[in-house]
Every structure is written in structure tokens, then in C-alpha cells.
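Residue numbers (my numbering), protein chains in the order written: chain A, 1 to 113; chain B, 114 to 226.
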């Protein structure tokens with residue numbers, strides 16, 4: 001498909017486990033974003049990558065969260081030692097440039113028991 | 114964190130009416146503004162962007178921007194039940210946060226037949 005692809009679509013894990021969420025952006029898009037959305041809340045910015053520049057990590061809520069983008073394409077968001085408050089939908093988006101016109105994937109719903 | 118405020122609603126209008134969605138923002142220097150629509154259980158999708166003061170029309174949608182009042186709105190004319198969704202206002206950062214998009218919590222709109 002031509003859209004942003006995220007996996008897994010659903011993840012249930014136990015408190016304290018590590019999880020990895022994957023995002024495959026639209027081909028040719030240089031900017032990639034991670035947001036999270038808790039029930040009834042707005043979108044919380046986590047991190048964004050633009051080309052070969054250093055990522056803006058300032059939205060990551062704690063050092064348990066990290067993300068990387070390999071080869072300017074696929075990105076992985078890793079949450080270590082998950083906590084119940086990490087439960088949310090994690091949304092990845094890509095953009096052809098940093099214009100604000102984001103194309104979102106369907107999200108990864110994380111539930112921490 | 115930039116502040117983007119929206120009336121949480123819910124806003125309920127009859128089919129055929131005009132729905133008016135409002136948004137205010139805290140950074141007077143902001144230049145780029147976006148409206149995203151999010152259907153229940155789905156990801157946000159961009160419906161309009163506006164950069165200049167005044168009105169911008171696209172079909173049944175009109176975005177209005179007043180930078181002096183730090184106010185942006187979205188009007189939906191001839192509202193349809195298919196317009197029922199949450200509408201997210203977003204403001205692009207500037208300077209060191211140019212690549213970041215700040216979202217409001219969204220206004221839930223219901224259009225009843």
C-alpha cells in the first residue's frame with residue numbers, strides 16, 4: 001500500500017516488559033513523527049525525524065522511551081519497562097517535508113496490564 | 114509546550130446547518146495552522162491548512178484565521194451526518210520547533226439527520 005504502515009496494530013503486555021512499535025512511512029517522505037493519544041486526549045508529540053538531521057526527541061516522556069530511524073525510512077519506537085500509564089495509541093506519521101501536512105498510520109494500540 | 118485550545122464540545126448540529134469549530138493558540142508568532150478530522154477509532158487526516166489572515170474555502174469547508182486575535186476557526190456548511198467526527202486544530206512550531214505540530218484536544222462534532 002501507499003500509506004503509512006504501523007505494526008503491531010494491537011499489543012498487550014505486562015508491566016515491566018519492553019515493547020517495540022514499528023512504522024514504515026510513505027516512500028519518499030523525509031519527515032517521520034511519533035505521537036501518542038490516550039483515551040479522550042489530544043495528540044502528544046513524542047519525537048520527529050527529518051532527513052539526516054538529529055531527531056527532535058524533546059517530547060519523549062522519560063528515558064524509558066527511545067526511537068530510531070534506519071536508512072531514512074523505517075522507524076522503531078521502543079518502550080522499556082512498560083508502565084500502565086504508557087497505555088495509549090501510538091501514532092506514526094510521515095510528511096514530504098516539515099510542512100505540517102502529516103499522513104498518519106492507523107496506529108498501534110498498546111495496553112499495559 | 115505551545116498551547117492550542119479548543120472547545121471540547123460535544124457540538125451537535127442538525128443536518129444542513131453550519132457547524133462552527135473554534136481554536137485559540139498561545140504563540141503570537143505562529144504562522145501555519147491546520148485542521149485534522151478524526152473519525153472514531155481512526156487516525157487523523159488533514160482537511161485544511163491556512164497560513165494567511167482571512168478566509169480560505171475548500172468545498173463545504175472554510176478556515177478562518179485572525180492572527181491578531183490568535184484565533185482560527187473551521188466552518189462546515191451544509192453539515193452532513195458523515196461529518197460527525199472529532200476535529201483537531203494544530204499549529205506548527207517555529208524556530209527550533211519548526212518541525213513540530215502542536216495539537217489541541219479536539220472538538221467532537223455530531224450531525225444528526
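Don't be surprised by glycine CBs; every beta carbon is placed ideally from N, CA and C.
Quantities reported herein were computed from a predicted structural model and do not represent experimental measurements.
Whose Cβ in chain A lies nearer than 7 Å to the Cβ of residue i?
| i | result |
| --- | --- |
| residue 172(B) | Those within 7 Å of residue 172(B) in chain A number zero; the least Cβ separation is about 18 Å. |
| residue 167(B) | None at all; the shortest Cβ gap to chain A is about 19 Å. |
| residue 132(B) | Going along chain A, no residue has its Cβ under 7 Å from residue 132(B), so there is no contact; the nearest lies around 19 Å. |
| residue 219(B) | 42 |
| residue 205(B) | 100 |
| residue 124(B) | Under the 7 Å cutoff, chain A gives no residues; its nearest Cβ is about 16 Å from residue 124(B). |
I need the straight-line Cα distance from residue i to residue j, nearest angstrom please.
| i | j | result |
| --- | --- | --- |
| residue 197(B) | residue 221(B) | 8 Å |
| residue 19(A) | residue 37(A) | 17 Å |
| residue 190(B) | residue 161(B) | 14 Å |
| residue 89(A) | residue 53(A) | 26 Å |
| residue 188(B) | residue 14(A) | 44 Å |
| residue 77(A) | residue 39(A) | 20 Å |
| residue 8(A) | residue 182(B) | 43 Å |
| residue 122(B) | residue 151(B) | 14 Å |
Starting from the beta carbon of residue i, find every residue of chain A whose beta carbon is closer than 8 Å, and list them in chain order.
| i | result |
| --- | --- |
| residue 211(B) | 98 |
In chain order, what residues of the same chain lie with their CB nearer than 6 Å to the CB of residue i, ignoring the 5 residues before and after it?
| i | result |
| --- | --- |
| residue 49(A) | 32, 55 and 69 |
| residue 21(A) | 77, 90 and 108 |
Between which residues of its own chain and residue i is the CB-CB distance below 8 Å, once the five residues before and five after are set aside?
| i | result |
| --- | --- |
| residue 212(B) | 206 |
| residue 111(A) | 10, 11, 12, 13 and 87 |
I want to verify the contact list: residues of chain B whose CB lies under 9 Å from the CB of residue i, in sequence order.
| i | result |
| --- | --- |
| residue 65(A) | Within chain B, no residue comes near residue 65(A); the closest Cβ sits about 16 Å away, beyond 9 Å. |
| residue 24(A) | Those within 9 Å of residue 24(A) in chain B number zero; the least Cβ separation is about 15 Å. |
Query - Sufficient close CB pairs (3 or more, under 8 Å) joining the stretch 129-146 of chain B to the stretch 184-202 of chain B - result: yes
**Report entry** Members of the stretch 29-51 of chain A near chain B, C-beta cut-off 7 Å
**Finding:** 31, 41, 42, 43, 45, 48 and 50
Query raised in the report: So, do the stretch 150-159 of chain B and the stretch 99-110 of chain A have three or more beta carbon pairs nearer to each other than 8 Å?
Result: yes
Report task. Could you tell me whether the stretch 160-179 of chain B touches the stretch 77-97 of chain A, where touching means 3 or more Cβ pairs closer than 8 Å? Result -> no
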